[in-house]
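Numbering (our numbering), first residue to last: 268 to 392.
In what follows, a structure is listed as structure tokens, so that the remarks can point back to it.
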């Protein structure tokens with residue numbers, strides 16, 4: 268189970284690192300031009316940078332504390348934070364009637380919850 272949780276955490280970390288860096292390095296106008304990122308028009312540039320920062324920190328928090336055995340409680344906390352971000356994403360996409368994105372967000376939410384539940388509980392560090 269430990270290997271499975273590491274794989275899931277690694278996949279989540281890679282996804283959120285890429286997504287967060289995209290939001291941090293691209294302008295709001297460039298993000299709006301992407302057909303899969305039309306939701307960004309509902310948020311200010313500062314809010315998009317905040318979302319990107321939390322995604323990058325969540326990605327780091329999924330891997331580094333467990334890998335270096337320094338404050339490993341941060342791993343399930345990071346997974347919980349990512350789950351909260353995905354819950355917000357689901358609400359945003361539902362409000363905008365962007366149903367294909369809801370499916371992706373739901374899968375990411377479930378994966379984050381699996382990591383959070385098992386790292387808080389039976390497979391903690």
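Where a beta carbon is used, it is the ideal one built from N, C-alpha and C, also for glycine.
Quantities reported herein were computed from a predicted structural model and do not represent experimental measurements.
Residue i versus residue j - alpha carbon distance
{"i": "residue 409", "j": "residue 378", "result": "Summary: the structure shown does not reach residue 409, with the chain confined to residues 268 through 392, and so no result is reported for it."}
{"i": "residue 382", "j": "residue 275", "result": "7 angstroms"}
{"i": "residue 269", "j": "residue 385", "result": "9 angstroms"}
{"i": "residue 391", "j": "residue 373", "result": "24 angstroms"}
{"i": "residue 314", "j": "residue 321", "result": "11 angstroms"}
{"i": "residue 291", "j": "residue 389", "result": "35 angstroms"}
{"i": "residue 330", "j": "residue 309", "result": "31 angstroms"}
{"i": "residue 327", "j": "residue 353", "result": "17 angstroms"}
Range covered by the alpha helix (DSSP H) that runs through residue i
{"i": "residue 364", "result": "Per DSSP, residue 364 belongs to no alpha helix (DSSP H) and is neither H nor E."}
{"i": "residue 332", "result": "312–335"}
{"i": "residue 277", "result": "269–292"}
{"i": "residue 296", "result": "295–300"}
CB contact below 8 angstroms: residue i versus chain D
{"i": "residue 318", "result": "This model lacks chain D altogether, as it is built from one protein chain only."}
Residue of the options minimising C-alpha distance to residue i
{"i": "residue 380", "options": "345, 323, 289 and 360", "result": "345"}
{"i": "residue 289", "options": "308, 319 and 375", "result": "319"}
{"i": "residue 375", "options": "308, 347, 334 and 316", "result": "347"}
{"i": "residue 371", "options": "325, 277, 272 and 283", "result": "283"}
{"i": "residue 311", "options": "294, 325 and 302", "result": "294"}
Close Cβ partners of residue i (< 6 angstroms) along its chain, the five nearest in sequence each way excluded
{"i": "residue 387", "result": "343"}
Contacting residues, own chain, Cβ-Cβ under 7 angstroms from residue i (five flanking each side not counted)
{"i": "residue 350", "result": "376, 379, 380 and 383"}
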